[in-house]
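Number of protein chains: 4
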Amino acid sequence: MEEIKRFGVSIESGLLEKFDRYINSNNYRNRSEALRDLIRKELVHDQWTKTGEEVAGAIVIVYDHHSHDVVGRLLEIQHDCSSIIISSQHIHLDHKNCLEIIVVKGKIDRIDELASKLKSIKGVKHATLSRSTLGKNI
Amino acid sequence: MEEIKRFGVSIESGLLEKFDRYINSNNYRNRSEALRDLIRKELVHDQWTKTGEEVAGAIVIVYDHHSHDVVGRLLEIQHDCSSIIISSQHIHLDHKNCLEIIVVKGKIDRIDELASKLKSIKGVKHATLSRSTLGKNI
Amino acid sequence: MEEIKRFGVSIESGLLEKFDRYINSNNYRNRSEALRDLIRKELVHDQWTKTGEEVAGAIVIVYDHHSHDVVGRLLEIQHDCSSIIISSQHIHLDHKNCLEIIVVKGKIDRIDELASKLKSIKGVKHATLSRSTLGKNI
Amino acid sequence: MEEIKRFGVSIESGLLEKFDRYINSNNYRNRSEALRDLIRKELVHDQWTKTGEEVAGAIVIVYDHHSHDVVGRLLEIQHDCSSIIISSQHIHLDHKNCLEIIVVKGKIDRIDELASKLKSIKGVKHATLSRSTLGKNI
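Chains as they are written, first to last, in the numbering used here: chain X, 1 to 138; chain C, 139 to 276; chain L, 277 to 414; chain E, 415 to 552.
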């Protein structure tokens, strides 16, 4: 079990009042919980600005599986980058459209490169990259 | 097979030159392919500003599964929102940390609400929402 | 002088260590100062999701002043929206390009509408909107 | 007068229909104008990922001018970075709060550093950085 530290925070009463309203409407149980979340969000955001860092993330793509050879190209690129891919998951959105989620773990520049390659495949209509974390010490 | 339309675009030569370099370094095969991607990205971004629209997306959370009752709370909330959840996938990052991806489909305000609830659970360290699309007509 | 409140925060030692490094490399003098900034950033971000709120901001545009009637159109639109414009500032980037900053104050939907109108003027090459705050009680 | 080039674009009819609606509701006069804007937005966004590039931008800060020595610190930091600052503009939001816009031009890493320093001053409540462009060849 990790050690918990405690320290005091000073804050203007008007700002604290607004923050307490925010805490309430965002389902937090107390100020510490909300502050820890803000700190973690900032640290993860900060980490993604440093290309050499190890992170986790998810690439979400939507594609038309009827489009010429899109499935073959997707497999080929994923195999070339297999060392940073943990798993993938496939959803049939409708007769034509697929949503695929590729979970990745590795250095930021390699993840960015994979996301860029997947996005540019003919037939891939949309791609996003969720910038997440390995969760160590945060 | 969907009908393909063709139209002419006028563009300053300096801007076109820069765009051609961008196309090249981002693995696109031709200008049409790159332009279609820019159009789709803008349309999906635009759609996510309208709370009543139907979209698809993925909520990525990282949590410490040892944290008090986090697994129970996650299941409870997901069951309450089962009508917008398509599937979920679980990755063991290390002994303590889990990464979970929840694929969602539905109205934007309901998806936002689910993401906010998951984020505020004690034990959930980080949450992101990938704003994607159902892929219809784009 | 506004009243200062003080309260205790509990945080895991590993997370606190990482936060202290962040504080240090981002020039903050102490934890309270950094936490107040994170809280304010989140509150302002939250406020900009509610279209009826009163906010302040800055629209930054870059345009080619030789382009047909761009100066006339810019003036016309700004006069139509004069109730939300506080001031504007003009920079000569080079012989052809101007950077103009329009400071705005008012309801979010009206500011978004103005930014969209300015962006679509022929000759305006780029437009961004800085989402800031009136500073009241934060 | 810069040379205008013309080329053909192929696009699925469903996507084109959606794009035409977007063009219409965003005040563009024709497809070329809207496509040029999308291309420029993407190129500027791309440029800001490369720290050595020359760009233009605006740092918007909101601060309480009563706060201990905030005005002195702001001046000091701005003088240290005078080579990348073009001008600044000051707005009195109310009795206490000021909004200041600092227009910058230079390398991205130096601009980021200045924005970070200004943000961390005690009394500065909020800071944003508008990522714009020098407008050359775009």
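Just so you know, even glycine gets a beta-carbon here, dropped at the ideal spot from N, CA and C.
Residue 298/L: member of the alpha helix (DSSP H) spanning 289 to 301, first to last residue. In chain order, 448 place their CB closer than 8 Å to the CB of residue 440/E, counting only its own chain and leaving out the 5 sequence neighbours on each side.
For residue 405/L, the pairing in a beta bridge is given by DSSP as 335/L.
Interface criterion not met: the Cβ of residue 68/X is under 8 Å from no Cβ in chain C. Note on residue 151/C: under 16 other CB atoms within 10 angstroms of its CB, so exposed under the neighbour-count rule. Chain-ordered, the chain E residues with CB closer than 9 Å to the CB of residue 177/C read 425, 429, 430, 432, 433, 436, 448, 449 and 452. A distance below 6 Å between beta-carbons, with the five flanking residues on each side excluded, links residue 99/X to the following residues of its chain, in chain order: 62, 91 and 93. Against chain L, a Cβ distance below 8 Å from residue 547/E picks out 338, 401 and 402. In the structure shown, residue 243/C adopts extended strand secondary structure according to DSSP, grouped into three states.
In the structure shown, residue 279/L falls within a coil segment according to DSSP collapsed to helix, strand and coil. Interface residue (Cβ-Cβ distance to chain C less than 8 Å): residue 47/X is not classified as such. Taking 8 Å as the cut-off, the beta carbon of residue 198/C is found no closer than this to the beta carbon of residue 271/C.
When 9 Å is used as the limit between beta carbons, residue 275/C is near no residue of chain X, the shortest such separation being about 10 Å. Any Cβ of chain E closer than 8 Å to the Cβ of residue 380/L would place that residue at the interface, and such an atom is absent. Remark: three or more beta-carbon pairs, one from each stretch, lie closer than 8 Å, so the segment 184 to 194 of chain C and the segment 242 to 259 of chain C are flagged as touching. Residue 170/C sits close to residue 424/E, with the two beta carbons spaced by under 8 Å.
DSSP places residue 329/L in the coil class of the three-state scheme, outside both helix and strand.
Per DSSP, the unbroken beta strand (DSSP E) holding residue 366/L starts and ends at 361 to 368. Among the residues facing chain X, residue 268/C is included, as its CB has a counterpart in that chain under 8 Å away. With contacts defined by Cβ atoms closer than 8 Å, residue 43/X and residue 317/L do not form a contacting pair. When beta bridges are read from the DSSP output, residue 538/E appears opposite 477/E.
Residue 227/C is not a Cβ neighbour of residue 47/X, given a cutoff of 8 Å.
The secondary-structure analysis by DSSP pairs residue 373/L across a beta bridge with 340/L. In the three-state reduction of the DSSP assignment, residue 135/X falls in the coil class. In the DSSP assignment, residue 446/E falls within the alpha helix (DSSP H) that extends over 445 to 461. Below the 8 Å Cβ cutoff, chain X contributes 10, 11, 12 and 13 as neighbours of residue 280/L, in chain order.
Cβ neighbours of residue 117/X within its own chain (closer than 7 Å, five residues either side excluded): 77. The beta carbons of residue 551/E and residue 176/C sit no closer together than 8 Å. Listed along chain X, no residue sits closer than 7 Å to residue 249/C by beta-carbon distance, the nearest being about 13 Å off. When beta bridges are read from the DSSP output, residue 348/L appears opposite no residue.
Pairing residue 538/E with residue 484/E gives a Cβ-Cβ distance under 8 Å. Residue environment: residue 350/L is assigned as buried (16 or more neighbouring CB atoms within 10 Å of its CB, all protein chains considered). For residue 119/X, same chain residues with a beta-carbon under 6 Å away, outside a window of 5 residues either side, are 127 in chain order.
Taking residue 234/C as the centre and dropping the five residues before and after it, the same chain places the C-beta of 202, 203 and 204 closer than 8 Å to its C-beta, in chain order.
For residue 116/X, a Cβ of chain C is located within less than 8 Å of the residue's own Cβ.
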